[in-house]
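Input: a single structure, listed below in structure tokens.
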Amino acid sequence: DTQLKSNIIGHSFLGRRDLSNRRTPSAVLQFKYFLQRISKQRLREAKLQATDYAILLIAGACVGTITKIGDSDFGAFGYSYTIIAISLLCQIAALKSFANDKLQYWRERASGMSSLAHFMAKDTVDHFNTLVKPAVYLSMFYFFTNPRSTFLDNYIVLVCLVYCVTGMGYGFAILLRPESSQLFSVLLPVCLTLITTQSLNNNGLKFIANFTYPKWALEALVIANAKRYYGVWLISRCMALYKYKYSLHAWKLCIIILLLFGVVSRAIAFIALLTVHRRR
1 DTQLKSNIIG HSFLGRRDLS NRRTPSAVLQ FKYFLQRISK QRLREAKLQA TDYAILLIAG
61 ACVGTITKIG DSDFGAFGYS YTIIAISLLC QIAALKSFAN DKLQYWRERA SGMSSLAHFM
121 AKDTVDHFNT LVKPAVYLSM FYFFTNPRST FLDNYIVLVC LVYCVTGMGY GFAILLRPES
181 SQLFSVLLPV CLTLITTQSL NNNGLKFIAN FTYPKWALEA LVIANAKRYY GVWLISRCMA
241 LYKYKYSLHA WKLCIIILLL FGVVSRAIAF IALLTVHRRR
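Residues 1 to 280 in full-length UniProt numbering are what the sequence shown lists, from first letter to last.
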């Protein structure tokens, strides 16, 4: 069993001579093929996609109803519900990308398929949802809360958040069994967001919160809201940002860090795709 695993890992990372005289398509051609195949699969799942969008609309309406974005905290606590809702729904939806066809992938990889082309094609198709789902959610959330921050600022932050959590969903789907991956996809966003909200009033948790993605998403949303306060609100804005240790000029940094979370999680998921092989 150990020898089998070492052979699988070696085959994934080391080049081997093909003695069958076959002409395997290049990674670029395989990427185009997988892109077409996965796009057609997504079109056949149109009802499932519509259901996901309907759930996001309902979630946006419900969260928007209970969220109170006050002038004293600029929504520091209210936006936590949005982070949990988006993280939960999008991360669980991302599990389907790599959880449903593991056996087919292993067979195709054994026949010479490019794992990189397979991974990149699925990720590229999922970028459609990365762009659409935040707009669907905000169409209801923004209507019910009417924050001072612009729709575009909120949309950019949520796009980066979705990009981040989908990468983590890929990793859970590849590394864990379906029931365990779903459990982790529920627990992780809730726990990390609770740590982030508690760190607002607890200096001991601020250091830990710096290593969680909800912290940077929440900071970006709060800063986007605080930027819209002028005049007599300048003193309140400065006091609130000083209390939370936020900087008005750190919005771009928060966006970059969220994107880095997404890139790193995808790199880990791809390495796991190459190394993890379970026999059913």
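No residue lacks a Cβ here, since even glycine has one placed at the ideal position from N, Cα and C. For clarity, every value in this text was computed on a predicted model and none was experimentally measured.
Other residues of its chain near residue i: CB distance less than 6 Å, five sequence neighbours each side excluded
| i | result |
| --- | --- |
| N60 | The sequence given here places Gly at residue 60; Asn does not occur at that position. Here the set comprises Y137, M140 and F141. |
| T24 | G112 |
Three-state secondary structure assigned by DSSP to residue i
| i | result |
| --- | --- |
| R177 | coil |
| K122 | helix |
| G262 | helix |
| D52 | helix |
| E108 | helix |
| N203 | helix |
| F77 | coil |
| S26 | coil |
| V276 | coil |
| I69 | coil |
| E45 | coil |
| F34 | helix |
| L98 | It is Phe, not Leu, that sits at residue 98 in the sequence shown. Helix. |
| T212 | coil |
Minimum Cβ-Cβ distance from residue i to chain B less than 8 Å
| i | result |
| --- | --- |
| Y79 | The chain labelled as chain B is not found in the depicted structure, where only one protein chain is given. |
Pick from the options that is closest to residue i, judged by C-alpha positions
| i | options | result |
| --- | --- | --- |
| S39 | V125, L253, L258 and V190 | V125 |
| N225 | P178, L274, G204 and L152 | L152 |
| P147 | S26, K245, F34 and T82 | T82 |
| D101 | L88, S87 and K122 | K122 |
| K215 | A269, Y79, M113 and V132 | Y79 |
| W251 | L221, V263 and Y230 | L221 |
| Y242 | R228, I223 and Y230 | I223 |
| F143 | L116, T67 and V264 | T67 |
| D73 | A272, L273, Y246 and F261 | Y246 |
| D52 | Q36, Q41, L273 and A93 | A93 |
Cβ shell of residue i (< 7 Å), same chain only, five flanking positions each side left out
| i | result |
| --- | --- |
| C160 | I255, L258 and L259 |
| Q198 | L205 |
| A99 | A173, P178 and S181 |
| V63 | Y81, T82, A85 and F141 |
| V162 | I86, C90, T130, K133 and P134 |
* Inside the segment 224-258 only - alpha helix (DSSP H) runs reaching at least 4 residues -> 234-244
* Ordered list of alpha helix (DSSP H) runs contained in the segment 113-169, each at least 4 residues -> 115-145
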